[in-house]
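Participant: Below: one structure in structure tokens.
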Amino acid sequence: MNMYEIILDIIEKSGPASFDSICDEMNEISFIKNEREKPVQISHVKSVVSRKKDLFSVADNIVSIREEKELITLTAMIGKFPGPTYKVAVDFIHNRFYLFEWNIDKKVAVDKEKTVYIGDVEQFKKEIIRLNIWNWERDYQPESLVLDGTCWSVHLKTKGMVYESEGLQAFPRDWAKFCKAISQLIGIKFA
Numbered sequence: 042m043n044m045y046e047i048i049l050d051i052i053e054k055s056g057p058a059s060f061d062s063i064c065d066e067m068n069e070i071s072f073i074k075n076e077r078e079k080p081v082q083i084s085h086v087k088s089v090v091s092r093k094k095d096l097f098s099v100a101d102n103i104v105s106i107r108e109e110k111e112l113i114t115l116t117a118m119i120g121k122f123p124g125p126t127y128k129v130a131v132d133f134i135h136n137r138f139y140l141f142e143w144n145i146d147k148k149v150a151v152d153k154e155k156t157v158y159i160g161d162v163e164q165f166k167k168e169i170i171r172l173n174i175w176n177w178e179r180d181y182q183p184e185s186l187v188l189d190g191t192c193w194s195v196h197l198k199t200k201g202m203v204y205e206s207e208g209l210q211a212f213p214r215d216w217a218k219f220c221k222a223i224s225q226l227i228g229i230k231f232a
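Just so we're aligned, residue 42 is where the sequence shown starts under the working numbering, counting upward by one.
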């Protein structure tokens, strides 16, 4: 786990915090104690926060997550003709998600029962932050005409902003990582 992810966890659990309290809390975390010979210094915490100015804001020595980066919900949809089409809605506030699957191909057998192993919304959230979805373009389209390509959309709502991106047979650079993260969360392939 990266240092900035630990700081994010602390702020998400306790709310905005001073550099001193973040440092104290980090030094109480057992795996940090085991990995480091010396305790985490305030200067190290300040360095991490200053490198991640796009994620953190500091006012009067209090560190908080920027509202435009504080995740609320994410909805992702992917499909192609004749199907299947998947829609995943993730609620980061309540740590849950919903998966909708539909298929217009009458030849596809419907599994009445299947066991899937789902992932963790907190881990998924960390991956979404790593992927910087807020930097994706609004629209991805190929140069040529596409009749039956893969269409997709992503709607990310944060406390201070809404980010939307969509495409047809053209994808952001980190699309494969994004699909892998969703697949790990929902327990089935999202692609």
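Every residue, glycine too, gets a C-beta built ideally from N, C-alpha and C.
With a threshold of 6 angstroms on Cβ separation, who are the neighbours of A232 within its own chain once the five nearest residues in sequence on each side are excluded?
Facilitator: For the purposes of this step, residue 232 is identified with residue 191 of the sequence shown, where counting begins at 1. Here the set comprises C220.
Participant: What is the C-beta distance between T233 and E109, in whole angstroms, given that I count them as a contact (C-beta under 8 angstroms)?
Facilitator: One cannot answer for residue 233 here, as it falls past the ends of the chain, which runs 42 to 232.
Participant: Skipping 5 residues on each side, what residues in its chain have a beta carbon closer than 6 angstroms to that of I51?
Facilitator: Looking up residue 51 in the sequence shown gives position 10. These residues qualify, in order along the chain: I63, E66.
Participant: Please classify A117: is it buried, with 16 or more other beta-carbons within 10 angstroms of its beta-carbon, or exposed?
Facilitator: As a first step, residue 117 is located in the sequence shown; it is residue number 76 there, counting from the start. The residue is buried, with at least 16 neighbouring Cβ atoms inside 10 Å.
Participant: Tell me which residue opens and which closes the alpha helix (DSSP H) that A217 is part of.
Facilitator: Here residue 217 refers to the residue found at position 176 when the sequence shown is read from its first residue. Element bounds for A217: 216-227.
Participant: Distance, Cα to Cα, S194 vs K79?
Facilitator: For the purposes of this step, residue 194 is taken as the residue at position 153 of the sequence shown. For the purposes of this step, residue 79 is taken as the residue at position 38 of the sequence shown. Between S194 and K79, the C-alpha separation is close to 46 angstroms.
Participant: Since K167 and E46 should fall inside the 8 angstroms C-beta cutoff, what is the C-beta to C-beta distance between them, to a whole number of angstroms?
Facilitator: Taking the first residue of the sequence shown as position 1, residue 167 is located at position 126. Taking the first residue of the sequence shown as position 1, residue 46 is located at position 5. Confirmed, about 6 angstroms.
Participant: Taking 7 angstroms as the threshold (C-beta atoms), are D215 and L172 in contact?
Facilitator: Numbered from 1 along the sequence shown, position 131 holds the residue referred to as residue 172. Numbered from 1 along the sequence shown, position 174 holds the residue referred to as residue 215. The answer is yes: Cβ separation under 7 angstroms.
Participant: Taking the alpha-carbon of A58 as reference, which of K128, S98, F212, M44 has the nearest alpha-carbon?
Facilitator: Residue numbering aside, residue 58 sits at position 17 when the sequence shown is read from its first letter. Nearest C-alpha to A58: S98.
Participant: In terms of residues, what are the limits of the alpha helix (DSSP H) holding R92?
Facilitator: Against the sequence shown, residue 92 aligns to sequence position 51. R92 -> alpha helix (DSSP H) spans 83-92.
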